[in-house]
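Protein chains in written order, with the numbering used here: chain G, 36 to 367; chain Z, 36 to 367; chain C, 36 to 367; chain E, 36 to 367; chain D, 36 to 367; chain L, 36 to 367. C-beta: ideal position from N, C-alpha, C; glycine also.
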């Protein structure tokens, strides 16, 4: 797929003539079934990519109507059509729509235009994750981590870490987890009060409930189980089941569960218990530290050229200074 | 056991001579092992009943030392000894200590002096509870309630509902649960949006985690599992296991679990999820209503004669007017 | 008036030709007097119904200018004209405007298109309200309720209960009050600490100040007295005057006033005092319970077909699960 | 009455012999009826003055029992007796108790030892208050102020302005009100948006509800009407009645009532409405300013010799620097 | 420059024909460099005045491209061109752009159309400011004030006092400071605990850090030093340097610095310390009072004709009643 | 000095006879000048060590009166005397008092009984601190750190890090700073967005203002400058001066100052600015992490033998589980 696929920005460009034919790949952001005044059903569709969004109206007597309805919100579709202008806004008139399979999304070239990706190769992040898991010395703890990952499967590698706060993009959960594990690796020798195997297992598993909480890996959205239980309880349940199966001793099981239940740090942020073991305190603090630094990293990555400060970052309650420190000038 | 057993107030009475022999039944509130300056260990003990507390120091060469240490905090003990005055405070010197069995505590005459009890007979409350459970029409839901109760056993009948806020006394959990069930029984026909069987099962089970969270039925105190998991997650786990065993369908299991997870009403009050089903909203509101009315009932029950207002009640953020409404005077 | 009156959605329909003549009934949502660059005054008007809004510009030399200005915001008007398109937005050009009288609004068929209505027939709700009032045993309390209702008159039957939170629609105040009275009727025997006549009178009168606080029954808006005094003080004043006239004894007057002053539950939610009598605590809790369940009922009523969850509800801080519990499948 | 009346500090002095006879004037701070173990009633009494408190136990067969019970909490009593030591604490044994009349309390020499007084002569403060009232130009507003003062009478001159925050002492309400009026007098020309007569009347009346809210002028305590209604609503009611009687026009009545209802500044501090007129905003800000400066003045007045900082002041959330600015040294 | 320069409202007027030539003076509110789909750079510009905003697109091959880019955001420009309609929105096509110098902005006739101005003549406010500075009796304090003003120079006379809350317009900082000084002048005799010279110097300097915090006098925006240090620390630093230079004694330096550090009143509002001297408490309270009254004054000034209430004012959390008190009608 | 110096616990021991002579070393916790009823001044003194406190009254005609007054609060004194019992409490009667010099306190054996000490040798912590300072690559940054340390001198090595929250003991500031530097050392490679030299310098200097904020190294207490300026501004000022002297370039100076100003994390916790550079975000998060882990370490160190949980820790809002994880039992 060539780089030159037009983006929504290209389609909406101020100097673009209406009626121009195009073919590209877009994300289905929103699909709203409506009824026209003559009683005919139609779909009001919003497509998007990293550059923005563009709308289309598809009547039920049009060939793409069924294809689009079947694709559903969150699908990635190959679309063909013409640009269109109605009531002063540029939209698109579709002639063909076909859905891309999840397998096609493994190709970064396909999704890079559509959604944000972490700067590190997800395959290498996944390799690191596995190394951290294998590095856990305690056999039953190690087995517990493996069993949870088997249970949730592939989705852990692609899920975002949040709907909008930090690491809120495809593979963000894997990236955040590995970053935390790297921090824990170097901090644990400094805080020997925390059992290193428990702390590492806790970090690797702390957010696994999010693979159930969020539906979709491109457009993160809380699903039914996310709303009714929340990722803390969902993760706790995953860990509990795996620990039982791995025959982890009751004390470690309880302490590991406690890490999951308390990692959000404050009850009002969703913790089910306040951290009350050395491991749990350490994990919740590393989580907070990497979440904040993740916001910093993302703001720097997305910094518009020439801007001195980012917009105010929600999680920092401040804009971020985007310019790097000047190298030392010897003569000053 | 005669009514005339002396209370701690009697023992500390302003006009009581020191050195008076006595025999009574008291609660062991606090036991602190200390070491005298000569290196000998001793126990600093605080005994209590509804009238207050009184202290005693027991050295390790005294016959009651072992009996007291074995009894432990929270035990109910039959004590004999003499009143004592040391450094201006009245205390007791013990000559005999023996522990009462939990079975002895079933006799209200024994515990009525020691701790607060609900005004309704616990046996009748328990009968009502069982009737509400039997009244659940859906067989697997009914079985789920039964299985949780079998799992936690006797302790549900005696546990307090809180450490200090509402229904914070022996049998308080049973009383609060039955009061909520009564309210639900009459409110459910008015709010048909809430499934009555789910709502009733949710009420009967919502606080069962407290039987694990609190240790002791006379002196409520959060134990290890209470601190590390909290009663919301403990109750959720009890319900989950029972529902599985009762072969409750997945949707009802999820909705029942959601009632448990959300009944605290607000994340900062300990809810793991915000109520998002009609049943869960109704149960959390009935919980709140009965908790507040329970504080009102307790304040009225314990009202000092002649006082117009209670002390400021923590949960109401106000003192309570204690005087009943005057009957209508026809001539006014 | 036929069902087929076009709605604003029909007028704005994507496939509707401009310049189409129409006649319908709409609500005047906003009227802003402006001045054109040639110095001529004109009105920028926004009309609305349940389906949305549509705009019109009326110059002062047009015959409908005066009629519209006289109608004012919040009026219901019969309008005739043609659809119009200006700068890419569909609007309307008016040829006739006439105001409907409040009496015409009693016909549900007229207002049902314009604004949300409660599902129960307002006439039956009003009948229930009167029955609850007549059921108050204490003669002077009963007379107090009657006198307040006489004082505020018809408007109580049509006022909304809020500007946007719960029961925020025509007749919503009546509906919320009757729902609370039904709940109180069944709860009062369970909480005999609360005087039933006082509690019922308190419920029937608690929000009567809103009939003064809000101006308009179709578009709820806080008026001058609402802003300067608030419905709590306005209701307190209504009750005080009526109680004096009904020769209610001073103690009941004080306790009834206290219910009005404290029913909002928290100072920051507008309570002038914290509830400090059994009746006041019970009324404020029933108010809260029915407000929350009213949000649940409204969300279920307005659920878009096929949606699993509602939008996040402001008062619940959660989306609501919209699907009913599946009936039990015997074979599971 | 000589200066040499012993204070509670003198009675409790470390080097004072027990059994010393004394006669002095004290405040009855607390009276708790109790029952001895022999069934006889007795009173546990706490007496106080500015220097501290001292306790006494009076049995019902003692001649002063009835006199003390009749005096009640908050009374000022002339007492005679002997110092006493019981269980290591110094107390008093009473032989005579007689109550001082409210008239006797007008003599500052009597109350100066008992409670804190404002530094300005209350008679002069009262004179100033009357001058401010007479200075109101609008006749009906002036009459309204006069009528409220007639209604509440003498108590306005002696009431404290708070139970513990600012101006929390005898005559504190008068002092705070006059200080605010002085500030308003000089600020009103700078803020001509606020109607000066309304603002001044609002200031003079804003806290008059406290004369009903608090019981006692020496030991401020919220009474029944204070708890059930609060000083804001009580003051609003006083003003409403007086304005009606003075035939104040409806607009000024509404604006004056609004000043009373909103002067607390924030709903959570007890305001029934947020300030929404220029006068109301100005009055609430002057109230806040003088309350804070009143805390400063009191802390400076009560500064222990040689201390650089006061204790942390509750209303400032900081300790206060107590040392005055050094005069300029010309040579520096 | 004639009054008749067209405003953005005139340019966007509903009845204005497209393609109309015009010449006027506007503010450059936002300049966003973009790239067209053909690869050519262009500027998306938003111009504004008090009446609103209007947009323009300028391609890089157009003569005004460079002039506009050089002008930058916040510049005031004389523009010529024609109105334009694109996709249903009115915009402008520019033919000439030239920047006005800061000196030209001294003429109120030029900026009055562009931005809000205080009602008092800035020259007279500046005169008053200098008089207050000269009125400080203590020579070194007076010199400190003078030195800070010399340091920050002209910008103090034109800076706004805030980005959006109170006095958020050109000259607003000078106006707010002088209004506070006037209030302090009359209040200081009433609160002799506060050293008048320190308090006055503190008021004159309290917000001088804002001259560094905000960039631009027409479009206030926090700049780099404002974000990284905040006006409190920036002002503290200005004062510290000036006091050192003026040889102010250490105690007054410390107390003056403390006024600057604490004037925001609460830590969460940006205070670096809580006010702990009489002067600091007084200054922070006068700051709060004048900020609130400044919002009142501005809302009254900008009141739309015929409106009874303003929109809800952010700082008051209420709408403001806009109608003045009716003069007394003698016959009522 | 022998281990066998009696502690306050020994002096107050339940079985200790009064009048026993003793000699020991104690801390003067509180000295209150009072006046006896005969007009004679006396000192009420409270002495303390890690085991508790004990009181003494010293009259002005006693030889130790002057020595004690001169010593002042916070001094360490060698005392001789006898135990004493007065009003049921054990105290001491002093015969000799002499002050220990600060130099004597360098001997851990002297202070170990009096106050808590960090578990690591302060000399080694100091060595580490210097190594971290020397490890800063940028010469002017390194010089800035050195200059601040020269300015504040010895006190940095002994100051506590807080009055009661975390590392609140002698040498606690040094310990907390070195622990943070160790964490930064290993985390910086993981977060290359943060300039390592700036971050390290920021950590070494972030709390240096506390050496001025707190008076005393044994009894931490906020002094005059601490109250009037706060450690954030005091540290900022120290850094600013040193950076100027070290000729640090303006950008690094600004970024280093920003780390100091923002490290408290939230405005309400005392930050003067919100962290807005990568270094500042990282430093504030490491500060928070080590503060929490410091509370964990201290609670474990001070764990009473046999206790499963600590008291609720203020900074964690939870009790801490004190038992270590059990080693793996191979046979399970």
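Problem set entry | Any alpha helix (DSSP H) of 4 or more consecutive residues that is wholly inside the region 249-337 of chain D | The qualifying runs are 259-263, 265-280, 285-297, 313-336.
Problem set entry | Cβ neighbour criterion (16 or more within 10 Å) applied to residue 61 of chain G | The Cβ neighbour count for residue 61 of chain G, taken over all protein chains shown within 10 Å, is at least 16; the residue is labelled buried.
Exercise. Any idea if residue 222 of chain L is buried or exposed, counting beta-carbon neighbours within 10 angstroms, 16 or more meaning buried?
Worked result: By the 10 Å Cβ count, residue 222 of chain L comes out buried.
For this session: Name the residue from E:155, E:103, E:181, E:142 whose alpha carbon lies nearest to the alpha carbon of residue 134 of chain E.
Result: Comparing alpha-carbon positions, the option among E:155, E:103, E:181, E:142 lying closest to residue 134 of chain E turns out to be E:103.
Problem set entry | Within chain G, partners of residue 353 of chain C - CB distance below 9 Å | Per Cβ cutoff of 9 Å: 262.
Problem set entry | Cross-chain neighbours of residue 265 of chain E in chain C, by beta carbon under 7 Å | Under the 7 Å cutoff, chain C gives 307, 308.
Exercise. With a cut-off of 9 Å, does the C-beta of residue 143 of chain L fall near any C-beta of chain E?
Worked result: No, residue 143 of chain L does not count as interfacial toward chain E.
For this session: Please decide whether residue 341 of chain D counts as near chain C, where near means a Cβ-Cβ distance under 9 Å.
Result: Closer than 9 Å to some Cβ of chain C, the Cβ of residue 341 of chain D qualifies, so yes.
Exercise. List, in order along the chain, the chain E residues whose C-beta lies closer than 8 Å to that of residue 82 of chain Z?
Worked result: Residue 82 of chain Z does not reach chain E, its nearest Cβ partner there being about 17 Å away, counting only Cβ pairs nearer than 8 Å.
Problem set entry | the region 262-282 of chain L in contact with the region 201-211 of chain L per 3-pair CB rule at 8 Å | No contact exists between the region 262-282 of chain L and the region 201-211 of chain L.
Exercise. Does residue 344 of chain L get closer than 9 Å to chain Z when you measure Cβ to Cβ?
Worked result: Closer than 9 Å to some Cβ of chain Z, the Cβ of residue 344 of chain L qualifies, so yes.
Exercise. Are residue 296 of chain D and residue 277 of chain D touching if we call contact CB-CB under 9 Å?
Worked result: It is not a contact, given that the beta carbons lie outside the stated cut-off.
For this session: Check whether the Cβ atoms of residue 305 of chain E and residue 323 of chain E lie closer than 9 Å to each other.
Result: For residue 305 of chain E and residue 323 of chain E, no; Cβs fall outside 9 Å.
Exercise. How would you call residue 67 of chain G, buried or exposed, if buried means at least 16 neighbouring beta carbons within 10 angstroms?
Worked result: Per the 10 Å Cβ criterion, exposed.
Problem set entry | C-beta atoms of residue 218 of chain G and residue 206 of chain G nearer than 9 Å | Judged by their CB atoms, residue 218 of chain G and residue 206 of chain G are not nearer to each other than the 9 Å cut-off.
Exercise. Quick one, which residues of the region 221-237 of chain C are near chain Z if we go by CB-CB under 7 Å, in chain order?
Worked result: Of all residues in the region 221-237 of chain C, 221, 222, 225, 226, 228, 230, 233 have a Cβ within less than 7 Å of some Cβ in chain Z.
Problem set entry | Pairwise C-alpha distance: residue 360 of chain C and residue 234 of chain Z | The alpha-carbon atoms of residue 234 of chain Z and residue 360 of chain C are separated by roughly 12 Å.
Exercise. Could you give the C-beta distance for residue 226 of chain L and residue 317 of chain L, rounded to a whole number, given that I count them as a contact under 8 Å?
Worked result: Here residue 226 of chain L really is in contact with residue 317 of chain L; their C-beta atoms are around 6 Å apart, less than 8 Å.
Problem set entry | Sequence-distant residues of its chain with Cβ nearer than 6 Å to residue 12 of chain E (five each side left out) | Outside the displayed span of chain E (36 to 367) sits residue 12 of chain E, for which this structure offers no information.
Problem set entry | residue 93 of chain G, enclosing beta strand (DSSP E) - first and last residue | Boundaries of the beta strand (DSSP E) harbouring residue 93 of chain G: 87-94, taken from the DSSP string.
Exercise. What is the residue span of the beta strand (DSSP E) that residue 63 of chain L lies within?
Worked result: Per DSSP, residue 63 of chain L belongs to the beta strand (DSSP E) from 56-70.
Exercise. Using 9 Å as the limit for Cβ to Cβ distance, is residue 356 of chain C near chain G?
Worked result: Yes, contact with chain G.
For this session: Please name the residue or residues paired with residue 370 of chain G in a DSSP beta bridge.
Result: Nothing about residue 370 of chain G can be reported from this structure: the residues present for chain G run from 36 to 367 only.
Exercise. Apart from the five residues just before and just after residue 145 of chain Z, which ones in its own chain have a Cβ nearer than 8 Å to its Cβ?
Worked result: Within the same chain, residue 145 of chain Z has close Cβ partners 36, 60, 111, 135, 139.
Problem set entry | Proximal chain G residues relative to residue 218 of chain L, where beta-carbon distance stays under 7 Å | Within chain G, the residues near residue 218 of chain L are 222, 225.
Exercise. Residue range of the beta strand (DSSP E) that residue 354 of chain L falls in?
Worked result: Unbroken beta strand (DSSP E) run through residue 354 of chain L: 353-356.
Problem set entry | residue 84 of chain G in three-state terms, based on DSSP | Note: residue 84 of chain G maps to strand in three-state DSSP.
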